[in-house]
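Everything below concerns the one structure shown next.
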Amino acid sequence: MDHRQTDDVVTEEVANGVFLGTLSMGERASMKYWQIDPGASLPTHEHEHEQIGYVLSGTLTAILEDEEVLLEEGDAYRFPSNEYHGAENRSDEPAVGLGVLAPPRNRPEWRDR
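Position 43 of the sequence shown, counted from 1, bears residue number 25 in the numbering used here, the numbering being contiguous throughout.
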């Protein structure tokens, strides 16, 4: 068994005010810990990974190709493989959550663009 706490996660700033860190990595899925600061945006992108997640605290607006969805503390979400998506924190507090990607991902492909 692997065991880690969120306090042990080393995050990387992957976009201005957007932080990602690997909480756990397996052969078939990875779990990311994320934080999006007030006013920050996760760039819109798509990837082969199915992505499910959970908002631990704060609020976030998910940006999809043809709609926006408000995600609040306690909300779960899923982005199917290859769905165009991004996020914006339009609040005054950081948004913090967990995301699971299958297959696992080390570093977001869009980070290097």
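A virtual CB, placed ideally from N, CA and C, is assigned to each residue, including glycine.
How long is the line joining the alpha carbons of residue i and residue j, rounded to whole angstroms?
i: Asn100; j: Pro85; result: This structure leaves residue 100 out entirely; the chain is present only between -17 and 95.
i: Asn88; j: Leu5; result: 11 Å
i: Asp19; j: Arg10; result: 29 Å
i: Ser12; j: Arg(-14); result: 13 Å
i: Glu32; j: Leu46; result: 15 Å
i: Glu50; j: Trp16; result: 20 Å
Could you pull out every residue in the same chain whose Cβ sits closer than 7 Å to the Cβ of residue i, ignoring the five residues on either side in sequence?
i: Gly56; result: Val37
i: Arg95; result: Low per-residue confidence applies at Arg95: pLDDT is 49, beneath 50, and the placement is therefore not dependable, though the value from the model is reported in the following sentence. Correct list: empty, nothing qualifies.
Excluding the five sequence neighbours on either side, which residues of its own chain have a C-beta within less than 8 Å of the C-beta of residue i, listed in chain order?
i: Ala22; result: Ala(-3), Asn(-2), Gly(-1), Val0, Glu70 and Asn71
i: Glu75; result: Pro20, Ser39, Gly40 and Thr41
Hey, could you find the ends of the beta strand (DSSP E) residue i is sitting in?
i: Pro62; result: Element bounds for Pro62: n/a, residue is neither H nor E.
i: Thr43; result: Thr41 to Leu46
i: Glu54; result: Glu50 to Glu54
If you run the structure through DSSP and keep just helix, strand and coil, what is residue i?
i: Arg95; result: Model confidence at Arg95 stands at a pLDDT of 49, short of 50, so the residue's coordinates are unreliable; what they give is reported in the following sentence. Coil at Arg95, not helix or strand.
i: Thr26; result: strand
i: Thr(-7); result: coil
Tell me which residues share the same chain as residue i and place their Cβ nearer than 6 Å to its Cβ, disregarding the 5 neighbours each side in the sequence.
i: Glu28; result: Asn64 and Tyr66
i: Ile34; result: Arg60 and Val82
i: Ala58; result: Tyr36
*Taking three-plus beta-carbon pairs below 8 Å as touching, is the stretch 29 to 44 in contact with the stretch 75 to 82?*
With a cut-off of 8 Å, the stretch 75 to 82 and the stretch 29 to 44 count as touching, because enough Cβ pairs lie within range.
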